[in-house]
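According to our numbering, the stretch in the sequence shown is residues 1 to 179, in order.
All C-beta atoms, glycine included, are put in the ideal place defined by N, C-alpha and C.
Below is one structure; the comments refer to it alone.
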Amino acid sequence: MTRAFKNFLRRFRRDERGTASLEFVLVAPFFLGIMIFSIELGFVTMRATFLERGLDMAVREVRLGTGTAPQHDDIKQIICDNTIIINDCASNLQLEMRPADIRNFTALDQTADCTDQAEPAKPVREFVPGQQNELMLLRACLKYNPLFPASVLGSQLINNDSSGQAALIATTAFVQEPI
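Structure (structure tokens):
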């Protein structure tokens, strides 16, 4: 019995059939993981870029002061009009705007209020239209569904959110021009 087992091991060691399959099985998961990570990170970057651009375009409209002071829904609509890749922007975007004193500056809270699809609609946290020549802080928080929520990056982006969504936050400061 031991002789037959030794012969089997000797033949198994010399046989080269299946070596490509073994290499594929060992290497393919790493390449697929890197590919999924890269795709997810690319979409996160695109969403963040479009959110920043939408916020910049909205702030430009507010800052230039074309005679009307845009309200919460107007600014939200401008941001959503300039963010192409974001699905259901109006219901997934939460804005917070407040004046800031340049002599006694206090930043916005560390935790941003984001919409949560699992909870009832939250009221606007704080949205105060500014006066002429006043420094304003505006923060936009957007919730979205990751492409691959079970992947390493997707699960880290979700970060214990009850709705299974990830959050992107963009913040800007501007001074309202005199009319």
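Backbone CA spacing between residue 157 and residue 35 [nearest angstrom]:
For the purposes of this step, residue 157 is taken as residue 157 along the sequence shown, with counting starting at 1. For the purposes of this step, residue 35 is taken as residue 35 along the sequence shown, with counting starting at 1. The alpha-carbon atoms of residue 157 and residue 35 are separated by roughly 17 Å.
Problem - CA-to-CA distance, residue 82 to residue 50, given in whole angstroms - result: In the sequence shown, the residue the question calls residue 50 occupies position 50. In the sequence shown, the residue the question calls residue 82 occupies position 82. The alpha-carbon atoms of residue 50 and residue 82 are separated by roughly 7 Å.
### Query
What first and last residue would you give for the beta strand (DSSP E) that runs through residue 175?
Translated into the one-based positions of the sequence shown, residue 175 becomes position 175. Its beta strand (DSSP E) spans residues 166-175.
### Message
Taking only three categories from DSSP, how would you classify residue 134?
### Response
To locate residue 134, count along the sequence shown from 1; it is residue 134. Coil at residue 134, not helix or strand.
Q. Is the stretch 73-90 in contact with the stretch 36-56, if contact means three or more CB pairs nearer than 8 Å?
A. yes
In the DSSP assignment, what are the bridge partners of residue 94? If you number the sequence shown from 1, residue 94 lands on position 94. Note: residue 94 sits in a beta bridge opposite 141.
What three-state label does DSSP hand residue 127 in the structure shown?
By one-based count along the sequence shown, residue 127 stands at place 127. DSSP places residue 127 in strand when its eight states are reduced to three.
ask   = Whole-angstrom Cβ separation of residue 141 and residue 71, contact assumed at under 8 Å?
value = As a first step, residue 141 must be located in the sequence shown, where it is residue number 141. As a first step, residue 71 must be located in the sequence shown, where it is residue number 71. Actually they do not touch by this definition, with Cβ atoms about 18 Å apart.
| task | Spatial neighbours of residue 127 within its chain, please: CB distance less than 6 Å, with the 5 preceding and 5 following residues excluded, ordered by chain position. | result | Taking the first residue of the sequence shown as 1, we reach residue 127 at position 127. 72 and 97.
query = Just the Cα atoms here: how many angstroms apart are residue 74 and residue 23?
reply = Indexing the sequence shown from 1 puts residue 74 at position 74. Indexing the sequence shown from 1 puts residue 23 at position 23. Taking the straight line from one Cα to the other gives about 57 Å.
Subject >> In DSSP terms, what residue 149 is bridged to >> reply: Here residue 149 refers to the residue found at position 149 when the sequence shown is read from its first residue. Per DSSP, none; premise fails for residue 149.
Discussion item. Our contact map puts residue 153 next to residue 37 with C-beta atoms below 8 Å; I'd like the distance itself, whole angstroms only.
Written reply: Taking the sequence shown and counting its residues from 1, the one referred to as residue 153 is at position 153. Taking the sequence shown and counting its residues from 1, the one referred to as residue 37 is at position 37. Going by Cβ atoms, the distance from residue 153 to residue 37 rounds to 5 Å, so yes, they are a contact pair.
Practice problem: Closer than 6 Å by C-beta to residue 62: which residues in its own chain qualify, once you throw out the five before and the five after it? Chain order, please. | Solution: Taking the sequence shown and counting its residues from 1, one reaches residue 62 at position 62. Same-chain partners within the cutoff: 70.
Excluding the five sequence neighbours on either side, which residues of its own chain have a C-beta within less than 6 Å of the C-beta of residue 170, listed in chain order?
Within the sequence shown, numbered from 1, the residue matching residue 170 stands at position 170. Contacts found: 51, 52, 55 and 140.
Exercise for review: Could you have a look at residue 70 and say whether DSSP puts it in helix, strand or coil?
Suggested key: The residue given as residue 70 occupies position 70 in the sequence shown. Coil, per DSSP.
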